[in-house]
Amino acid sequence: MPRTKSILAFLLALSFFFSSAQAVRMSQAARLAQGRNGRRIIGYATVSRREARDINQHYALVVSSSLISDQLGHGFYIANQPDVLQGETGSWYCVIKANRGLMMNVGKAWIPESYFDSNMIEEQDVWDQGEDAVVEYIATLMERPTEALRFSWVKGMHWRSQMVIPSNVITGDKLGFWAKCYRSKDELAGHWNDFIDWEEWNIDGDRSRPTSTP
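Numbers -23 to -1, 1 to 191, taken from mature numbering (1 follows the signal peptide of the UniProt record, and there is no 0), label the letters of the sequence shown in order.
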């Protein structure tokens, strides 16, 4: 009888060991999956107080009329570091994250100020020419041009780059966005201050050189 109890105790201990080892492996797998598919910071932005309220309500990006600019068409304009944000009086300062895996697979394009057509005869302007001109250029680089993230130099800001998330990508939440806004740049920087190196993102297109013309 004592021998039987010893065997049972051994089997129980062995079962506990394998269960613990399996739990550790599952935990490690979950962490690896989170590293691949969890969210990462992709940039920073300034918004109005009203827009900040809407964003903070669900920690999600929103599209509004104030987020529409001429340089690269319709979308949410962001910077790659909080230091360069230039808000107006009453502006709030936001951090934006997106799903790592989805970000790896989405199209990304540098948008030059202008480019030559396929015949290399006529130069086509892109900046400040509206949504259609931007999409037409991206279509020369990849499929699904309306969903590609757009990158360029900020006009009149020497060596300062920007990224634009197209409005339809935001409304469809196609990249698993998360965002949070703060009352001041200092408050934002106190929580999030990473420099995002967009140049490591395998972006297609002609990066060109920055323009110093306002």
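C-beta atoms are modelled at their ideal positions from N, C-alpha and C, and glycine is treated no differently.
This structure is a prediction, so every number in the text was calculated from the model and none was measured.
- By the beta-carbon neighbour count (other beta carbons within 10 angstroms, threshold 16), W87 is buried.
- One alpha carbon belongs to K132, the other to E176, and they sit about 18 Å apart.
- I55 sits buried, since 16 or more C-beta atoms from the chains shown fall within 10 Å of its C-beta.
- If only uninterrupted alpha helix (DSSP H) runs of at least 4 residues are considered, those enclosed by the segment 84 to 143 are 108 to 116.
- Here the alpha carbons of K162 and T66 stand approximately 12 Å from one another.
- Around the beta-carbon of W130, 16 or more other beta-carbon atoms lie within 10 Å, marking it buried.
- Rounded to the nearest whole angstrom, the C-alpha separation of E100 and Y36 is 42 Å.
- In terms of CA proximity to R127, F53 leads the group F53, F172 and S95.
- When R186, D171, Y114 and E164 are compared, the shortest CA-CA separation from I19 is found for D171.
- A distance of 8 Å or more separates the beta carbons of K85 and F154.
- Ranked by how close their Cα comes to the Cα of Y92, the residues C71, S144, I32 and I115 have I115 in first place.
- The continuous beta strand (DSSP E) containing K157 extends over residues W155 to Y159.
- With contacts defined by Cβ atoms closer than 8 Å, T117 and N145 do not form a contacting pair.
- Shown here for G64: same chain residues with a beta carbon closer than 6 Å to its own, the five before and five after excluded, namely T23 in chain order.
- When secondary structure is reduced to three states using DSSP, N76 falls in the strand class.
- Distance from the Cα of M81 is smallest, within the candidate group V112, I98, W169 and G15, for G15.
- In the assembly as shown, W136 is an exposed residue. Its beta-carbon has fewer than 16 other beta-carbons within 10 Å.
- Per DSSP, G167 is one residue of the alpha helix (DSSP H) stretching across K162 to H168.
- Per DSSP, the continuous alpha helix (DSSP H) segment holding R26 begins and ends at R26 to H35.
- Distances from the CA of V72 to each of I173, D109, D181 and S95 were compared; the closest alpha carbon is that of I173.
- Scanning its chain for C-beta atoms nearer than 6 Å, with the 5 sequence neighbours on each side dropped, one finds around L79 the residues L152 and G153, in chain order.
- At a Cβ-Cβ threshold of 8 Å, S185 and P89 count as neighbours.
- Across the set L38, V111 and N76, the C-alpha of L38 shows the shortest separation from the C-alpha of Y70.
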